[in-house]
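Residue numbers (my numbering), protein chains in the order written: chain F, 11 to 95; chain B, 11 to 95; chain D, -11 to 146; chain H, -11 to 146. All C-beta atoms in this analysis are idealised placements derived from N, C-alpha and C, irrespective of residue type, glycine included. Reading through the structure tokens given below for one structure.
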Amino acid sequence: MSQTRLLFFGNLQDIAGHSERIVELPADVHNGADLIKWISGDNAPLRSALSAPEVKLAVDHAITDKESELSSPEEIAFLPPFSGG
Amino acid sequence: MSQTRLLFFGNLQDIAGHSERIVELPADVHNGADLIKWISGDNAPLRSALSAPEVKLAVDHAITDKESELSSPEEIAFLPPFSGG
Amino acid sequence: MTAITVQILKADLDADHHLARFRSSNKNAGAIVSFLGQVRSENSHVRALHLQHYPEFTEKRIYAIADDIVARFEVDSLLIIHRIGRIEPAAPIVLAAAAAAHRRAAFECVDCVMDYLKSEAPFWKQEDSSNGQRWVYPTSGDSADLQRWGENCTKETA
Amino acid sequence: MTAITVQILKADLDADHHLARFRSSNKNAGAIVSFLGQVRSENSHVRALHLQHYPEFTEKRIYAIADDIVARFEVDSLLIIHRIGRIEPAAPIVLAAAAAAHRRAAFECVDCVMDYLKSEAPFWKQEDSSNGQRWVYPTSGDSADLQRWGENCTKETA
């Protein structure tokens, strides 16, 4: 199976406990919502944070709906609301 | 009688033929309109240019209506429309 | 209390120098907006502009404009420098900068200053070109720009 | 064709240097507007900000924002420089500048760029203060600012 790099930005890396993690996606992870459920496991605060509507998913650099199907992504980033400038 | 310095800016100094002139105002020059008539003499282009509504009068540094009474001004400037910046 | 600086310059306007100085005296401001106007050089027949002013009166009027404007925006500092005399293509004519806690006030202040300078500051501009010299008149665009601002320099919601 | 420069800087942002360079490569522009955002220092408890970005993605997104915006304004050149890493009070965070033939386009372009950078550019800001570290969230003011601009970055007449 191919590997996927997961990235967590902003406060999400504090909640996840790391900013980056390499995983092999199980066959039953079809979309972002499945991914969130799988990687959160029993970490309820993480699941709630990642599922928040203001948290965006960038799949191989494309902002992607959490319901859209994932096709062997190399990199998935979880992006909380931006606060630059 | 006291002397008054007349100043002409922009294109008005080309039409007047000078940028500055010291005069003694005659007793029958009561306001800006009288002044324009008096200094223009038979120079019709100058009279017309100075009388134009967009030409402003600054009497001792105060923008003044051409109908307002003049009381021994030290300096009167004729200001065509501004074009700075 | 807003610090206002107004300068009428006969010599070259060193925009980099003045902006650097403005910035270094406004390090605590969250936002600094600057506007630099330069003599356009796309019309190659223009050899130079000559900017005329009315000594003392022009300075007074610009201070009055600046006072009016800073009373309406939350700015810490306002700088206005305007050239007079002969100015060649590509050289700066006018520099305006505002420092403020927040960017909206800084933007609107400089924008408003420029609209007022264009229409309300006593300068007269002569263009020296291969076709001779001619006095430049304000365009209807300049007074339209001014009308974007209400009595109080606040933006008119049209 | 508009020249677009985007830089993400880990080192200090030397605003004077970058602005001087931008000006010297835009001598033919009639108008240059710049915005400089600095870390406010009036809250003395803030020791520093930490700006995080998403390498490559952030650059791509800013270029996409810049492309969109320059398509809507008549500008010759657009410069965007954004700090990442640790930034102390009074230091610059972001510099944006536009050069154009006419001042309205330059003003609106930089104003629009800043509103978009605030809300649409992937940066995350952490505040390091005497009370510890906390992630900063965008304010409702930021998204209100963005709503000033229509789909095409043209000003909404509300």
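1. For B/G27, go through chain D and note every residue whose CB falls closer than 8 Å to its CB, in chain order.
2. One question on the structure: do H/S107 and H/L134 come within less than 9 Å of each other, judged by their Cβ atoms?
3. Please list the terminal residues of the continuous beta strand (DSSP E) segment that includes H/D64.
4. Helix, strand or coil for H/S12 per DSSP?
5. Using a Cβ-Cβ cutoff of less than 6 Å, which residues in the same chain neighbour F/T74 once the five nearest sequence positions on both sides are dropped?
6. Between the Cα of B/N41 and the Cα atoms of B/P91, B/F92, B/S61, which residue gives the shortest distance?
7. Who are the near neighbours of D/F95 in its chain, counting only those whose CB is closer than 6 Å to its CB and skipping five residues on each side?
8. Between H/T145 and B/S81, what straight-line distance do the alpha-carbon atoms span, to the nearest angstrom?
9. Can you list the residues of chain D that B/A68 reaches, using a CB-CB cut of under 7 Å?
10. Whose C-beta lies closer than 8 Å to the C-beta of H/G18 among residues of the same chain, with five residues either side of it excluded?
11. Would you mind working out which of H/R11, H/N14, H/S29 sits nearest D/K15, comparing C-alpha positions?
12. Going straight from the alpha carbon of F/A54 to that of F/L45, what length do you get?
13. If you scan the segment 12 to 71 of chain F from start to end, which runs of the beta strand (DSSP E) of 3 or more residues do you find wholly inside it?
14. Residues of chain A with CB under 7 Å from D/D99, in chain order?
15. Please state if the CB of H/F23 and the CB of H/A85 are separated by a distance shorter than 9 Å.
16. In this structure, does DSSP put H/V101 in helix, strand or coil?
17. Measuring straight from C-alpha to C-alpha, what distance separates H/D55 and H/A93?
18. Would you call F/A87 buried or exposed, if buried means 16 or more other Cβ atoms sit within 10 Å of its Cβ?
19. At a CB distance below 8 Å, what residues from the segment 67 to 92 of chain F approach chain H? Give them in sequence order.
20. Bridge partners for F/E79 per DSSP, in chain order?
21. What did DSSP end up calling H/K113 once you bin it into helix, strand or coil?
22. Does D/T46 pass the burial test, meaning 16 or more other C-beta atoms within 10 Å, or should it be called exposed?
23. Quick check: the segment 27 to 39 of chain F against the segment 17 to 37 of chain B, are there 3 or more CB pairs under 8 Å?
24. Once you ignore the five residues that flank F/S29 on each side, which residues in its own chain have a CB closer than 6 Å to its CB?
25. Can you pull the chain H neighbours of D/A89, defined as C-beta to C-beta under 9 Å?
26. With a cut-off of 9 Å, does the C-beta of D/F111 fall near any C-beta of chain H?
27. For F/P63, count the other beta carbons within 10 Å of its own beta carbon; 16 or more makes it buried, fewer makes it exposed. Which is it?
28. With H/T(-10) and H/L66 assumed to form a contact (beta carbons below 8 Å), what rounded beta-carbon distance in angstroms separates them?
29. DSSP state of D/R35, grouped into three classes?
30. At a CB-CB cut-off below 8 Å, which residues of chain B make contact with D/P126?
31. Run through DSSP, which three-state label would H/T127 get?
32. Can you give the Cα-Cα distance for D/I75 and H/F10, rounded to whole angstroms?
33. What residues from chain D crowd round H/G18, counting only those whose CB sits closer than 7 Å?
34. My understanding is that B/P90 touches B/V69, with C-beta atoms under 8 Å, so please give their C-beta distance in whole angstroms.
35. Would you kindly work out how many angstroms separate the C-alpha atoms of H/V124 and D/R60, rounded to a whole number?
36. In chain order, what residues of the same chain have a beta carbon less than 7 Å from the beta carbon of H/V(-6), not counting five sequence neighbours either side?
The short version:
1. Residues of chain D whose Cβ lies closer than 8 Å to the Cβ of B/G27 do not exist, since the nearest Cβ in that chain is about 15 Å away.
2. A Cβ-Cβ contact shorter than 9 Å links H/S107 with H/L134.
3. For H/D64, the enclosing beta strand (DSSP E) has its first and last residue at 63 to 71.
4. Taken through DSSP and simplified to helix, strand or coil, H/S12 comes out as helix.
5. Excluding residues up to 5 positions away in sequence, L67 lie with their Cβ nearer than 6 Å to the Cβ of F/T74 in the same chain.
6. Comparing Cα positions, the closest option is B/S61.
7. Once the five neighbours on either side are set aside, the close Cβ partners of D/F95 are V21.
8. Low confidence applies to H/T145: its pLDDT is 41, below 50, so where it sits in the model is not reliable enough to give any reading.
9. Within 7 Å Cβ-Cβ: F45.
10. Excluding residues within five positions, the ones whose Cβ falls inside 8 Å are A88, A89, H90, R91.
11. Checking every option, the nearest Cα to that of D/K15 belongs to H/S29.
12. When the Cα atoms are used, F/A54 and F/L45 turn out to be separated by approximately 14 Å.
13. If we require 3 residues or more, the beta strand (DSSP E) runs fully inside the segment 12 to 71 of chain F come out as 13 to 18, 30 to 34, 66 to 69.
14. Here chain A cannot be found, since the structure's protein chains are F, B, D and H.
15. Taking the C-beta atoms as reference points, H/F23 is found nearer than 9 Å to H/A85.
16. Helix.
17. Roughly 15 Å separates the two Cα atoms.
18. Flag for F/A87 reads buried.
19. Listed by position along the chain: A68, H71, A87, L89, P90, P91, F92.
20. DSSP, once it has assigned bridges, lists F/N41 as partnering F/E79.
21. In this structure, H/K113 counts as strand in the three-state DSSP scheme.
22. That one is buried.
23. Output reads no: the segment 17 to 37 of chain B does not touch the segment 27 to 39 of chain F.
24. For F/S29, where only same-chain residues beyond five positions count, the Cβ hits under 6 Å are F18, Q23.
25. Simply R28, E30.
26. It does not: the Cβ of D/F111 has no partner Cβ on chain H nearer than 9 Å.
27. Around the Cβ of F/P63, a 10 Å sphere holds fewer than 16 other Cβ atoms; the residue is exposed.
28. Between H/T(-10) and H/L66, the beta carbon gap of about 6 Å places them in contact (Cβ cut-off 8 Å).
29. DSSP places D/R35 in strand when its eight states are reduced to three.
30. What D/P126 touches in chain B: P91, F92, S93.
31. DSSP places H/T127 in coil when its eight states are reduced to three.
32. One C-alpha to the other measures close to 21 Å.
33. The answer, in chain order, is G25, Q26, R28.
34. In this structure, B/P90 and B/V69 do not form a Cβ contact; the two beta carbons are roughly 16 Å apart against a cut-off of 8 Å.
35. Looking at the backbone, the Cα of H/V124 and that of D/R60 are separated by about 30 Å.
36. Excluding sequence neighbours, H/V(-6) sits near E47, I50, Y51, A54, I68.
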